[in-house]
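Counting along the sequence shown from 1, when you hit position 304 you're at 304 in the UniProt record's numbering, and nothing is skipped either side.
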Amino acid sequence: MGTPLRMEGASAPLVRAAIVGTGNIARFHIEALTSMPDQVEVVAAADVDEENLTRFGSRHGLDALYRDVEEMLSATSPDLVHVCTPPGLHRSQVLACLEAGASALVEKPPALSLAELEAMAAAEGARGPWFATLFQHRFGSGAQRARALIESGDLGRPLVAVCHTTWYREQSYFDVPWRGRWETEGGGPTMGHGIHQMDLLAALLGDWAEVSASAHQQARTIQTEDVSLARVTFANGAVASVVNSLVSPREESYIRIDLERATIELTHLYGYGDEDWRITPAPGFEEQVTAAWKAGEAGVASGHTAQLGHVIAAVQGGTAPPVTSAESLRTMRLVAGVYASAFQRRPITPADLGADSPFHGRMDGDGPRW
1 MGTPLRMEGA
11 SAPLVRAAIV
21 GTGNIARFHI
31 EALTSMPDQV
41 EVVAAADVDE
51 ENLTRFGSRH
61 GLDALYRDVE
71 EMLSATSPDL
81 VHVCTPPGLH
91 RSQVLACLEA
101 GASALVEKPP
111 ALSLAELEAM
121 AAAEGARGPW
131 FATLFQHRFG
141 SGAQRARALI
151 ESGDLGRPLV
161 AVCHTTWYRE
171 QSYFDVPWRG
181 RWETEGGGPT
191 MGHGIHQMDL
201 LAALLGDWAE
211 VSASAHQQAR
221 TIQTEDVSLA
231 RVTFANGAVA
241 SVVNSLVSPR
251 EESYIRIDLE
261 RATIELTHLY
271 GYGDEDWRIT
281 PAPGFEEQVT
291 AAWKAGEAGV
301 ASGHTAQLGH
311 VIAAVQGGTA
321 PPVTSAESLR
331 TMRLVAGVYA
341 SAFQRRPITP
351 ADLGADSPFH
361 GRMDGDGPRW
(Lines of atoms letter the chains of each structure in order from A; the text may use other names.)
(Lines give C-alpha, C1' and ligand atoms only; values in the text may rest on other atoms or scores of the structure.)
Protein backbone atom coordinates (compact mmCIF):
# COMPACT_ATOMS: atom_id res chain seq x y z
CA MET A 1 0.00 0.00 0.00
CA GLY A 2 2.46 2.62 -1.12
CA THR A 3 1.61 6.15 -2.13
CA PRO A 4 -0.99 6.16 -4.94
CA LEU A 5 0.62 6.92 -8.28
CA ARG A 6 -0.76 8.96 -11.15
CA MET A 7 0.61 8.71 -14.65
CA GLU A 8 2.43 11.83 -15.79
CA GLY A 9 0.27 13.67 -18.26
CA ALA A 10 -2.66 11.32 -17.67
CA SER A 11 -6.09 12.88 -17.30
CA ALA A 12 -8.25 10.36 -15.47
CA PRO A 13 -11.93 11.30 -15.24
CA LEU A 14 -13.09 12.87 -12.01
CA VAL A 15 -14.58 10.42 -9.52
CA ARG A 16 -18.17 11.43 -8.80
CA ALA A 17 -18.58 11.07 -5.03
CA ALA A 18 -21.66 11.32 -2.81
CA ILE A 19 -22.13 11.27 0.95
CA VAL A 20 -24.88 9.49 2.87
CA GLY A 21 -25.28 10.69 6.44
CA THR A 22 -24.32 14.28 7.23
CA GLY A 23 -23.41 14.06 10.91
CA ASN A 24 -20.05 14.89 12.45
CA ILE A 25 -18.03 12.11 10.78
CA ALA A 26 -19.16 13.24 7.31
CA ARG A 27 -17.16 16.42 7.80
CA PHE A 28 -13.91 14.45 7.72
CA HIS A 29 -14.98 12.74 4.50
CA ILE A 30 -15.97 15.85 2.59
CA GLU A 31 -12.90 17.78 3.75
CA ALA A 32 -10.70 14.95 2.49
CA LEU A 33 -12.60 14.79 -0.81
CA THR A 34 -12.47 18.53 -1.44
CA SER A 35 -8.71 18.47 -0.84
CA MET A 36 -8.43 16.48 -4.12
CA PRO A 37 -10.24 18.73 -6.65
CA ASP A 38 -8.26 17.33 -9.59
CA GLN A 39 -9.50 13.82 -8.85
CA VAL A 40 -12.91 14.10 -7.18
CA GLU A 41 -16.19 15.96 -7.63
CA VAL A 42 -18.66 15.78 -4.74
CA VAL A 43 -22.03 15.65 -6.46
CA ALA A 44 -24.64 14.98 -3.75
CA ALA A 45 -25.49 14.24 -0.13
CA ALA A 46 -28.37 12.43 1.53
CA ASP A 47 -29.78 12.34 5.06
CA VAL A 48 -33.17 11.70 6.64
CA ASP A 49 -32.54 14.65 8.98
CA GLU A 50 -33.48 17.64 6.84
CA GLU A 51 -31.93 20.18 9.21
CA ASN A 52 -28.56 18.43 9.25
CA LEU A 53 -28.71 17.91 5.50
CA THR A 54 -29.48 21.56 4.75
CA ARG A 55 -26.75 22.77 7.08
CA PHE A 56 -24.22 20.36 5.54
CA GLY A 57 -25.14 21.40 1.99
CA SER A 58 -24.88 25.10 2.83
CA ARG A 59 -21.53 24.69 4.57
CA HIS A 60 -19.97 22.72 1.74
CA GLY A 61 -21.62 24.27 -1.29
CA LEU A 62 -23.82 21.30 -2.24
CA ASP A 63 -27.15 21.87 -3.95
CA ALA A 64 -28.06 18.24 -4.77
CA LEU A 65 -29.53 17.20 -1.41
CA TYR A 66 -31.80 14.19 -0.91
CA ARG A 67 -33.80 12.64 1.90
CA ASP A 68 -33.75 9.23 0.21
CA VAL A 69 -30.61 7.26 -0.70
CA GLU A 70 -32.11 5.46 -3.67
CA GLU A 71 -33.43 8.70 -5.11
CA MET A 72 -29.97 10.22 -4.78
CA LEU A 73 -28.37 7.25 -6.51
CA SER A 74 -30.86 7.37 -9.38
CA ALA A 75 -30.64 11.13 -9.87
CA THR A 76 -26.87 11.65 -9.62
CA SER A 77 -25.22 8.32 -10.62
CA PRO A 78 -22.17 8.61 -8.34
CA ASP A 79 -19.12 6.41 -8.80
CA LEU A 80 -18.38 6.28 -5.08
CA VAL A 81 -20.66 6.73 -2.06
CA HIS A 82 -19.35 7.49 1.41
CA VAL A 83 -21.63 5.83 3.96
CA CYS A 84 -21.40 7.86 7.17
CA THR A 85 -24.56 6.67 8.93
CA PRO A 86 -24.95 4.62 12.13
CA PRO A 87 -23.86 0.98 11.67
CA GLY A 88 -27.38 -0.42 11.76
CA LEU A 89 -28.06 1.25 8.39
CA HIS A 90 -24.88 0.18 6.59
CA ARG A 91 -26.05 -3.12 5.09
CA SER A 92 -29.15 -1.79 3.35
CA GLN A 93 -27.42 1.37 2.15
CA VAL A 94 -24.35 -0.45 0.81
CA LEU A 95 -26.54 -2.96 -1.01
CA ALA A 96 -28.49 -0.08 -2.57
CA CYS A 97 -25.24 1.50 -3.75
CA LEU A 98 -23.90 -1.72 -5.23
CA GLU A 99 -27.22 -2.42 -6.95
CA ALA A 100 -27.04 1.05 -8.51
CA GLY A 101 -23.49 0.43 -9.77
CA ALA A 102 -21.73 2.66 -7.24
CA SER A 103 -18.85 1.51 -5.05
CA ALA A 104 -19.26 2.28 -1.34
CA LEU A 105 -16.82 3.36 1.34
CA VAL A 106 -18.24 2.58 4.78
CA GLU A 107 -17.38 4.00 8.18
CA LYS A 108 -16.51 1.54 10.93
CA PRO A 109 -17.90 -0.83 11.96
CA PRO A 110 -18.86 -1.79 8.42
CA ALA A 111 -21.83 -3.94 9.51
CA LEU A 112 -23.56 -5.25 12.62
CA SER A 113 -22.53 -8.87 12.05
CA LEU A 114 -20.49 -11.28 9.95
CA ALA A 115 -23.69 -12.33 8.16
CA GLU A 116 -24.38 -8.74 7.10
CA LEU A 117 -20.80 -8.20 5.97
CA GLU A 118 -20.78 -11.43 3.96
CA ALA A 119 -24.01 -10.36 2.24
CA MET A 120 -22.40 -7.06 1.30
CA ALA A 121 -19.33 -8.88 -0.05
CA ALA A 122 -21.52 -11.26 -2.06
CA ALA A 123 -23.19 -8.29 -3.76
CA GLU A 124 -19.91 -6.97 -5.17
CA GLY A 125 -19.20 -7.49 -8.84
CA ALA A 126 -16.11 -9.34 -10.05
CA ARG A 127 -15.02 -6.09 -11.71
CA GLY A 128 -16.93 -3.79 -9.38
CA PRO A 129 -18.72 -2.12 -7.90
CA TRP A 130 -17.06 -2.85 -4.55
CA PHE A 131 -17.34 -1.78 -0.96
CA ALA A 132 -14.46 -0.82 1.31
CA THR A 133 -14.17 0.02 5.00
CA LEU A 134 -12.68 3.24 6.36
CA PHE A 135 -9.73 1.93 8.42
CA GLN A 136 -7.49 4.95 7.99
CA HIS A 137 -4.82 3.98 10.54
CA ARG A 138 -3.38 1.55 8.00
CA PHE A 139 -2.41 4.36 5.66
CA GLY A 140 -0.18 6.72 7.61
CA SER A 141 3.48 6.44 6.62
CA GLY A 142 4.40 5.04 10.06
CA ALA A 143 2.15 2.02 9.54
CA GLN A 144 3.36 1.63 5.96
CA ARG A 145 6.97 1.64 7.17
CA ALA A 146 6.31 -0.81 10.01
CA ARG A 147 4.41 -3.20 7.76
CA ALA A 148 7.15 -3.17 5.10
CA LEU A 149 9.84 -3.96 7.68
CA ILE A 150 7.80 -6.73 9.30
CA GLU A 151 6.93 -8.35 5.97
CA SER A 152 10.53 -8.12 4.71
CA GLY A 153 11.83 -10.07 7.69
CA ASP A 154 14.46 -7.40 8.37
CA LEU A 155 13.37 -7.25 12.02
CA GLY A 156 13.07 -11.00 12.50
CA ARG A 157 9.95 -12.83 13.61
CA PRO A 158 7.19 -11.01 15.51
CA LEU A 159 6.94 -12.53 18.98
CA VAL A 160 4.61 -10.60 21.28
CA ALA A 161 2.34 -7.59 20.86
CA VAL A 162 0.14 -5.19 22.82
CA CYS A 163 -2.93 -3.46 21.36
CA HIS A 164 -4.75 -1.11 23.72
CA THR A 165 -7.63 1.25 23.02
CA THR A 166 -8.23 2.79 26.44
CA TRP A 167 -10.68 5.64 25.95
CA TYR A 168 -13.27 7.44 28.07
CA ARG A 169 -16.94 8.05 27.37
CA GLU A 170 -19.31 9.45 30.00
CA GLN A 171 -22.76 7.98 30.48
CA SER A 172 -24.24 10.91 28.54
CA TYR A 173 -22.40 9.71 25.41
CA PHE A 174 -24.80 6.76 25.34
CA ASP A 175 -27.88 8.98 25.41
CA VAL A 176 -27.81 8.81 21.60
CA PRO A 177 -30.44 6.08 21.07
CA TRP A 178 -28.41 3.76 18.86
CA ARG A 179 -25.28 3.67 21.04
CA GLY A 180 -24.50 0.90 23.47
CA ARG A 181 -27.13 -1.45 21.99
CA TRP A 182 -26.51 -4.75 20.22
CA GLU A 183 -29.35 -4.19 17.73
CA THR A 184 -28.09 -0.82 16.46
CA GLU A 185 -24.37 -0.50 17.25
CA GLY A 186 -23.44 -4.18 17.22
CA GLY A 187 -21.31 -4.01 20.35
CA GLY A 188 -19.38 -1.78 22.72
CA PRO A 189 -15.74 -0.59 22.52
CA THR A 190 -14.59 -3.87 20.95
CA MET A 191 -16.84 -3.22 17.95
CA GLY A 192 -17.12 0.54 17.72
CA HIS A 193 -13.86 1.93 19.06
CA GLY A 194 -11.01 -0.56 19.41
CA ILE A 195 -11.77 -1.99 15.97
CA HIS A 196 -9.42 0.62 14.44
CA GLN A 197 -6.45 -0.54 16.50
CA MET A 198 -7.36 -4.20 16.08
CA ASP A 199 -7.52 -3.72 12.32
CA LEU A 200 -4.09 -2.09 12.30
CA LEU A 201 -2.67 -4.92 14.40
CA ALA A 202 -4.09 -7.47 11.95
CA ALA A 203 -2.71 -5.48 9.01
CA LEU A 204 0.75 -5.66 10.61
CA LEU A 205 0.67 -9.26 11.87
CA GLY A 206 -1.64 -11.02 9.39
CA ASP A 207 -4.19 -13.76 9.97
CA TRP A 208 -5.22 -14.63 13.53
CA ALA A 209 -5.55 -18.23 14.68
CA GLU A 210 -7.17 -18.20 18.14
CA VAL A 211 -8.60 -15.77 20.68
CA SER A 212 -9.43 -16.13 24.36
CA ALA A 213 -11.32 -13.17 25.84
CA SER A 214 -13.53 -11.74 28.54
CA ALA A 215 -16.01 -8.84 28.37
CA HIS A 216 -17.28 -6.73 31.25
CA GLN A 217 -19.76 -4.06 32.28
CA GLN A 218 -17.59 -2.04 34.62
CA ALA A 219 -19.17 1.40 34.91
CA ARG A 220 -21.67 2.28 32.17
CA THR A 221 -25.37 1.46 32.06
CA ILE A 222 -25.63 -0.03 28.58
CA GLN A 223 -26.56 -3.34 26.93
CA THR A 224 -23.05 -4.01 25.63
CA GLU A 225 -19.67 -4.28 27.31
CA ASP A 226 -17.68 -1.22 28.28
CA VAL A 227 -14.42 -3.22 28.63
CA SER A 228 -12.99 -6.29 26.89
CA LEU A 229 -9.67 -8.08 27.24
CA ALA A 230 -8.28 -10.70 24.88
CA ARG A 231 -5.26 -12.87 24.16
CA VAL A 232 -4.84 -13.37 20.42
CA THR A 233 -2.55 -15.91 18.76
CA PHE A 234 -1.62 -15.16 15.15
CA ALA A 235 -0.87 -17.66 12.40
CA ASN A 236 2.78 -16.56 12.40
CA GLY A 237 3.09 -17.53 16.08
CA ALA A 238 2.97 -14.05 17.59
CA VAL A 239 0.76 -13.55 20.66
CA ALA A 240 -0.98 -10.28 21.52
CA SER A 241 -2.76 -8.72 24.47
CA VAL A 242 -5.76 -6.65 23.36
CA VAL A 243 -7.66 -4.27 25.66
CA ASN A 244 -10.68 -2.16 24.66
CA SER A 245 -12.11 0.26 27.21
CA LEU A 246 -14.46 3.24 27.43
CA VAL A 247 -13.86 3.84 31.15
CA SER A 248 -10.22 5.04 31.09
CA PRO A 249 -9.84 8.74 32.07
CA ARG A 250 -6.29 8.98 30.66
CA GLU A 251 -7.09 8.14 27.06
CA GLU A 252 -4.56 6.40 24.85
CA SER A 253 -4.27 4.25 21.74
CA TYR A 254 -1.18 2.06 21.92
CA ILE A 255 0.36 -0.67 19.80
CA ARG A 256 3.62 -2.41 20.58
CA ILE A 257 5.18 -5.26 18.58
CA ASP A 258 8.30 -7.01 19.88
CA LEU A 259 10.24 -8.76 17.14
CA GLU A 260 13.52 -10.66 17.32
CA ARG A 261 15.57 -7.60 16.37
CA ALA A 262 13.49 -4.61 17.45
CA THR A 263 10.46 -3.24 19.28
CA ILE A 264 8.06 -1.06 17.29
CA GLU A 265 5.67 1.22 19.24
CA LEU A 266 2.86 3.60 18.36
CA THR A 267 1.28 5.89 20.96
CA HIS A 268 -1.51 8.28 19.94
CA LEU A 269 -5.19 8.88 20.55
CA TYR A 270 -7.41 9.33 17.48
CA GLY A 271 -4.71 9.66 14.81
CA TYR A 272 -0.94 9.67 14.47
CA GLY A 273 2.01 11.25 12.70
CA ASP A 274 5.54 9.96 12.18
CA GLU A 275 6.58 11.40 15.55
CA ASP A 276 4.19 9.04 17.34
CA TRP A 277 6.15 5.95 16.26
CA ARG A 278 9.28 4.63 18.00
CA ILE A 279 11.67 1.80 17.22
CA THR A 280 14.10 0.25 19.70
CA PRO A 281 16.74 -2.07 18.22
CA ALA A 282 17.77 -5.24 20.03
CA PRO A 283 21.40 -5.31 21.20
CA GLY A 284 23.71 -5.92 18.27
CA PHE A 285 21.19 -4.74 15.65
CA GLU A 286 21.30 -0.97 16.30
CA GLU A 287 22.89 0.12 13.03
CA GLN A 288 20.93 -2.26 10.80
CA VAL A 289 17.53 -1.51 12.37
CA THR A 290 18.01 2.25 12.56
CA ALA A 291 19.05 2.46 8.92
CA ALA A 292 16.10 0.36 7.77
CA TRP A 293 13.64 2.47 9.80
CA LYS A 294 15.01 5.77 8.47
CA ALA A 295 14.80 4.49 4.88
CA GLY A 296 11.05 3.82 5.11
CA GLU A 297 8.08 5.96 4.11
CA ALA A 298 7.57 9.25 5.94
CA GLY A 299 5.47 12.40 5.97
CA VAL A 300 1.89 11.08 5.89
CA ALA A 301 -0.31 11.27 8.97
CA SER A 302 -3.10 8.76 9.48
CA GLY A 303 -6.51 10.13 8.63
CA HIS A 304 -9.26 10.07 6.07
CA THR A 305 -7.19 11.85 3.42
CA ALA A 306 -4.43 9.24 3.65
CA GLN A 307 -6.79 6.38 2.84
CA LEU A 308 -8.95 8.29 0.36
CA GLY A 309 -5.98 8.88 -1.91
CA HIS A 310 -5.74 5.11 -2.34
CA VAL A 311 -9.51 4.68 -2.65
CA ILE A 312 -9.86 7.31 -5.37
CA ALA A 313 -6.88 5.91 -7.29
CA ALA A 314 -8.43 2.44 -7.18
CA VAL A 315 -11.83 3.68 -8.39
CA GLN A 316 -10.16 5.54 -11.25
CA GLY A 317 -8.14 2.44 -12.12
CA GLY A 318 -11.09 0.04 -11.95
CA THR A 319 -9.72 -2.03 -9.07
CA ALA A 320 -11.12 -2.86 -5.63
CA PRO A 321 -10.45 -0.01 -3.21
CA PRO A 322 -8.84 -0.66 0.17
CA VAL A 323 -9.71 -1.81 2.78
CA THR A 324 -11.34 -4.63 0.77
CA SER A 325 -14.26 -6.77 1.89
CA ALA A 326 -11.91 -9.74 2.48
CA GLU A 327 -9.68 -7.71 4.78
CA SER A 328 -12.69 -6.22 6.55
CA LEU A 329 -14.03 -9.71 7.18
CA ARG A 330 -10.75 -10.78 8.82
CA THR A 331 -10.97 -7.90 11.28
CA MET A 332 -14.68 -8.40 11.92
CA ARG A 333 -14.08 -12.10 12.58
CA LEU A 334 -11.56 -11.11 15.22
CA VAL A 335 -14.16 -8.83 16.83
CA ALA A 336 -16.74 -11.64 16.70
CA GLY A 337 -14.14 -14.01 18.13
CA VAL A 338 -13.63 -11.76 21.14
CA TYR A 339 -17.37 -11.75 21.86
CA ALA A 340 -17.78 -15.48 21.21
CA SER A 341 -14.90 -16.36 23.51
CA ALA A 342 -16.08 -13.96 26.22
CA PHE A 343 -19.67 -15.19 26.24
CA GLN A 344 -19.03 -18.90 25.61
CA ARG A 345 -15.99 -18.84 27.92
CA ARG A 346 -13.71 -20.84 25.64
CA PRO A 347 -11.00 -20.24 23.01
CA ILE A 348 -12.34 -19.41 19.54
CA THR A 349 -10.81 -19.94 16.09
CA PRO A 350 -12.00 -18.44 12.79
CA ALA A 351 -13.51 -21.84 11.92
CA ASP A 352 -15.82 -21.51 14.94
CA LEU A 353 -17.53 -18.46 13.40
CA GLY A 354 -19.26 -20.03 10.40
CA ALA A 355 -22.92 -19.70 9.47
CA ASP A 356 -23.95 -22.20 12.17
CA SER A 357 -22.44 -20.09 14.96
CA PRO A 358 -24.78 -17.85 16.97
CA PHE A 359 -22.07 -15.19 16.69
CA HIS A 360 -22.31 -15.18 12.90
CA GLY A 361 -25.64 -13.37 12.86
CA ARG A 362 -25.19 -11.24 15.99
CA MET A 363 -22.12 -10.13 17.88
CA ASP A 364 -23.84 -11.00 21.18
CA GLY A 365 -24.56 -14.49 19.84
CA ASP A 366 -26.55 -16.62 22.22
CA GLY A 367 -26.52 -13.92 24.90
CA PRO A 368 -24.00 -12.14 27.13
CA ARG A 369 -23.09 -13.76 30.44
CA TRP A 370 -22.42 -10.79 32.65
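Even for Gly, the Cβ is constructed at its ideal location relative to N, Cα and C.
Lys294 sits exposed, since fewer than 16 C-beta atoms from the chains shown fall within 10 Å of its C-beta. Between Gly361 and Ala115, the CB-CB gap stays under 8 Å. By the criterion of a C-beta distance shorter than 6 Å, Arg157 is surrounded in its chain by Glu260, once the five residues flanking it on both sides are discounted.
Taking 8 Å as the upper bound for CB-CB distance, Gln136 and His304 are in contact here, some 6 Å apart. In this structure the region 335-342 does not lie against the region 80-98, because fewer than three pairs of beta carbons, one per stretch, are closer than 8 Å.
According to the DSSP assignment, Cys163 belongs to no alpha helix (DSSP H) but to the beta strand (DSSP E) extending over Pro158 to Tyr168. Counting only runs of at least 3 residues, the UniProt domain "GFO/IDH/MocA-like oxidoreductase" (144-264) fully encloses the following beta strand (DSSP E) elements, listed from N- to C-terminal order: 158-168, 208-216, 227-234, 239-245 and 247-259. Of the residues assessed, Ser35 falls on the exposed side of the cut-off, its CB having fewer than 16 other CB atoms within 10 angstroms. Here the region 124-139 makes contact with the region 307-326; the two share three or more CB pairs at distances below 8 Å. Scanning its chain for C-beta atoms nearer than 6 Å, with the 5 sequence neighbours on each side dropped, one finds around Arg369 the residues Phe343, in chain order. Contact annotation: Ser113 and Pro189 have beta-carbon atoms that are not nearer than 8 Å.
In the three-state DSSP reduction, Pro37 falls in the coil class, being neither helix nor strand. Between the C-alpha atoms of Gly101 and Val20 there is a straight-line separation of about 16 Å. Between the C-alpha atoms of Gln288 and Ile279 there is a straight-line separation of about 12 Å. Between the region 261-276 and the region 231-246 there are fewer than three C-beta pairs closer than 8 Å, too few to call the two in contact.
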